[in-house]
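J.:
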Amino acid sequence: MAKKRNGRQEAIKWIVRNKAIRTQRDLVEELRAEGFTCTQATASRDIADMGLRKLPEGIYVLAEDLHLQRMVSEFVTGVECANNLVVIHTQPGTAPGVAAAVDAADLTEVMGSVAGNDTVLAIGRNNSSAVMMCDLMNKLRATTR
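Heads up: the sequence shown begins at 2 in the numbering used here, then just goes up one per residue.
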């Protein structure tokens, strides 16, 4: 049973980072699409166990992504992908803080980041990882706009 729960919670982590999940029902539907059979009560327990939080905009985020979300929504001005590289443009002087938030979020897609004054270079494990990172950054940017 723990193995099923761990696999389901890893799927939840991926779903929440890559899609705008607003309700437990949405989460159950996404889990079913990923091949997991669960009830809304199970999803509710997973949400509590994992410490998911709902932003004022109504979407779920992982607790460890809250700091990243705040930094991205407040300081990031643009995001671009180039192969496995993600270029994150920030307001002047804020790149080191954004890079630290990216690193602290422990995103599996990101190998590391380097910050200048107003630009962060995040290195993805591969091209698809970089695209996932760009999508996440843009999702987090859009939460307050």
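Glycine included, C-beta positions come from ideal geometry on N, C-alpha and C.
Is the beta carbon of VAL87 less than 8 Å from the beta carbon of CYS135?
T.: yes
J.: So THR78 is in the alpha helix (DSSP H); what residue range does that whole segment cover?
T.: That residue, THR78, is in no alpha helix (DSSP H); its beta strand (DSSP E) goes 77-83.
J.: What is the rounded straight-line gap between the Cα of GLY94 and the Cα of ASP119?
T.: Their backbone Cα atoms lie some 6 Å apart in a straight line.
J.: Report the partner residues of LYS55 according to the DSSP bridge assignment.
T.: Its beta-bridge partners are TYR61.
J.: Check whether the segment 29-42 touches the segment 62-70, counting contact only when three or more Cβ pairs, one atom from each stretch, lie closer than 8 Å.
T.: no
J.: Name the two residues that bound the continuous beta strand (DSSP E) containing ALA123.
T.: Note, ALA123: beta strand (DSSP E), 120-125.
J.: Alpha carbon to alpha carbon, how far is GLY8 from ARG18? Give it in angstroms, no decimals.
T.: 16 Å
J.: Which residues in the same chain as ALA102 place their Cβ atom closer than 7 Å to its Cβ, once the five residues preceding and following it in sequence are excluded?
T.: HIS68, LEU69, MET72
J.: Going by DSSP, what residue range makes up the beta strand (DSSP E) through LEU86?
T.: Where LEU86 is concerned, the enclosing beta strand (DSSP E) starts and stops at 86-91.
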